Structures are given as structure tokens and as C-alpha cells.
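All remarks here apply to the structure that follows.
Residue numbers (UniProt numbering): 1 to 165.
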């Protein structure tokens with residue numbers, strides 16, 4: 001059998017191009033740096049809290065795990081995202097910074113319920129935070145990001161925790 005170098009080159013280059021065309025989620029997983037992820041979320045939260053002379057939040061791995069589990073479900077109707085369970089979430093084509101900015105922008109609605117994401121961030125009682133993020137595909141092929149953060153203790157009194165800040 002005679003080896004055909006050109007055919008072998010074409011086949012090898014096609015194979016390599018297929019191998020490098022990994023799905024976006026796989027590429028994201030390869031590039032994921034847990035320390036950078038954690039530090040960015042803490043920085044965003046603690047910068048907002050510092051402007052109000054509040055103590056810094058600490059990262060909680062259990063809350064982050066819970067938030068990640070909820071985010072990867074890619075289900076906006078998930079009951080774990082609603083109510084007073086401590087979750088703030090954002091769905092859209094957003095970076096962490098954009099999602100967080102959207103949450104803090106709700107402060108203008110205080111004391112209305114629309115300000116609850118911001119109230120969770122600046123609650124006097126909050127001590128810990130954990131966040132998760134997932135890239136999901138909406139109907140069709142549109143990719144979007146789900147950002148979820150849980151706080152401990154959860155916000156229990158929407159109108160008194162953030163009102164003095």
C-alpha cells in the first residue's frame with residue numbers, strides 16, 4: 001500500500017480542526033479558574049458593601065456549589081431562584097460585572113421589591129456569599145448566561161436590612 005502524504009496531511013489537518021472546534025462549554029471549562037471566579041465575585045460584592053461601610057462578605061463553597069447547581073439547570077422557572085431563600089440571579093448575555101451592575105442598579109427602586117437583588121448584597125446580616133454561572137442555549141441557538149448568587153444568612157426582612165445603608 002502506497003502512503004499518500006497529501007491525503008494524510010489533509011486528513012490530519014481536518015482531524016485537528018475538528019478537535020480544536022470544541023463546544024463553547026468545553027472550552028469555557030478548560031479555561032475556568034476557580035480562584036479568579038471566586039475573587040471576582042467577592043471583589044464586586046465587597047466593593048459595593050465598602051461604599052456603605054459594611055463588613056466584607058466571605059466566600060462559602062457550599063453556597064457556591066448550590067448556586068452552580070441551580071445555574072446549570074438553565075431553568076428560569078426554577079423555584080430555587082424565587083422567594084426569600086437568598087438567591088439573586090440574572091439571565092442574559094452578561095459578564096459577571098454586567099450581571100452585578102444590573103443587580104446594584106435595582107437600588108434605585110428601594111424599598112420596592114424590585115430592589116431585592118441589591119438588598120441581598122448590602123444586607124447588614126449577610127456574612128457569606130457563593131455564586132455560580134452557566135452558559136445555556138435558549139430556544140434556537142442563542143447562548144445566554146445564568147448568574148446566581150446565594151447569601152448567608154438569607155435576606156429575611158427586605159425593608160429593614162438595607163434601609164440604613
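We treat Cβ as the ideally placed atom computed from N, Cα and C, and that holds for glycine. Computed from a predicted structure; not experimentally measured.
Problem - Spatial neighbours of residue 151 in its chain, beta-carbon cut-off 6 Å, leaving aside the 5 residues before and after - result: 86, 120, 126, 129
Practice task
Can you tell me which of the three DSSP states residue 134 falls into?
Solution key: strand
Exercise for the section: Determine the extent of the alpha helix (DSSP H) in which residue 46 is found, giving its start and end residues. Expected result: Residues 34-50.
Exercise for the section: Alpha carbon to alpha carbon, how far is residue 65 from residue 57? Give it in angstroms, no decimals. Expected result: 17 Å
Handout entry: Closest by C-alpha distance to residue 124, when choosing among 132, 45, 98
Key = 45
Problem - Helix, strand or coil at residue 115 according to DSSP, with G and I counted as helix - result: In this structure, residue 115 counts as helix in the three-state DSSP scheme.
Practice task
Please work out which residues of its chain come closer than 7 Å, Cβ to Cβ, to residue 144, disregarding the five sequence neighbours upstream and downstream, and give them in chain order.
Solution key: Correct list, in chain order: 91, 92, 93, 136, 138.
Exercise for the section: Identify whether residue 145 lies in helix, strand or coil by the three-state DSSP scheme. Expected result: strand
Problem - Beta-carbon proximity of residue 104 to residue 43, cut-off 8 Å - result: no
Exercise for the section: Spatial neighbours of residue 100 within its chain, please: CB distance less than 6 Å, with the 5 preceding and 5 following residues excluded, ordered by chain position. Expected result: So the list reads 44, once near-sequence residues are dropped.
Problem - Backbone CA spacing between residue 134 and residue 149 [nearest angstrom] - result: 12 Å
Practice task
Could you work out which residue in 115, 110, 38, 106 is closest to residue 67 when comparing CA atoms only?
Solution key: Residue 38 is the option with its Cα nearest to residue 67.
Practice task
Over the uninterrupted alpha helix (DSSP H) stretch that includes residue 105, give me the two end residues.
Solution key: Judged by DSSP secondary structure, residue 105 falls within the alpha helix (DSSP H) whose first and last residues are 96-105.
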